[in-house]
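Trainee: Residue numbers (the UniProt record's numbering): 1 to 162. Got a structure here, written out as structure tokens. Questions coming.
Encoded structure:
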């Protein structure tokens with residue numbers, strides 16, 4: 001089993017990066033918009049090793065149950081709160097991530113992220129290496145995880161960000 005993605009960055013590096021960029025957002029260095037129809041996003045940084053995204057979430061917006069293929073990931077909530085539903089091998093487990101909190105996503109992490117609160121949420125996400133593919137899933141009866149589709153991600157595309 002592959003334990004590390006092909007990147008010199010570790011989960012702790014990505015988490016620290018999202019925290020640093022979240023501080024920049026709170027300081028007003030990156031303007032945020034909220035779109036009530038769909039998640040708003042902006043690519044803030046990209047290079048051969050990492051993509052950093054700024055995302056806003058209106059009420060009831062979600063990312064859909066997915067993985068990040070061969071990329072590690074992390075997020076920090078800037079404002080509001082998000083709910084992550086993650087696959088734990090026998091079902092989905094939910095956790096709330098409030099402003100100032102961070103999560104890291106190892107290889108093989110399958111999750112959905114969304115905003116269930118009446119106020120918008122803002123988050124910063126980082127992926128290393130930059131996303132190239134995503135798979136999407138459904139949970140079937142008997143607590144079975146089934147992949148429904150896989151997509152290639154174009155550089156700088158928001159497909160699967162979240």
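Every residue, glycine too, gets a C-beta built ideally from N, C-alpha and C. Here the structure is a predicted model, which is why all the values come from computation and not from measurement.
Please determine, among 130, 59, 147 and 139, the residue with the shortest C-alpha to C-alpha distance to residue 43.
Mentor: 130
Trainee: Report whether the distance from the Cβ of residue 104 to the nearest heavy atom of the ligand ADP is below 7 angstroms.
Mentor: The ligand content of the structure shown is nil, which means the ligand ADP is not present either.
Trainee: If I follow the unbroken beta strand (DSSP E) through residue 112, where does it start and stop?
Mentor: Following the DSSP letters along the chain, one finds residue 112 inside the beta strand (DSSP E) bounded by residues 111-114.
Trainee: Report the start-end ranges of each beta strand (DSSP E) in the region 72-151 that is 3 residues or longer and not cut off at the edges.
Mentor: 72-79, 81-87, 92-98, 102-105, 111-114, 121-128 and 133-140
Trainee: Would you call the region 96-109 in contact with the region 132-143, where contact means no fewer than 3 C-beta pairs closer than 8 angstroms?
Mentor: no
Trainee: Buried or exposed: residue 6, going by 16 or more other Cβ atoms within 10 Å of its Cβ?
Mentor: exposed
Trainee: Which whole-angstrom value is the C-beta distance of residue 19 and residue 98, which I expect to be below 8 angstroms?
Mentor: Residue 98 and residue 19 do not touch by the CB rule: their CB atoms are close to 14 angstroms apart, not below 8 angstroms.
Trainee: Measuring straight from C-alpha to C-alpha, what distance separates residue 17 and residue 124?
Mentor: 9 angstroms
Trainee: The alpha helix (DSSP H) that contains residue 19, what's its start and end?
Mentor: 11-26
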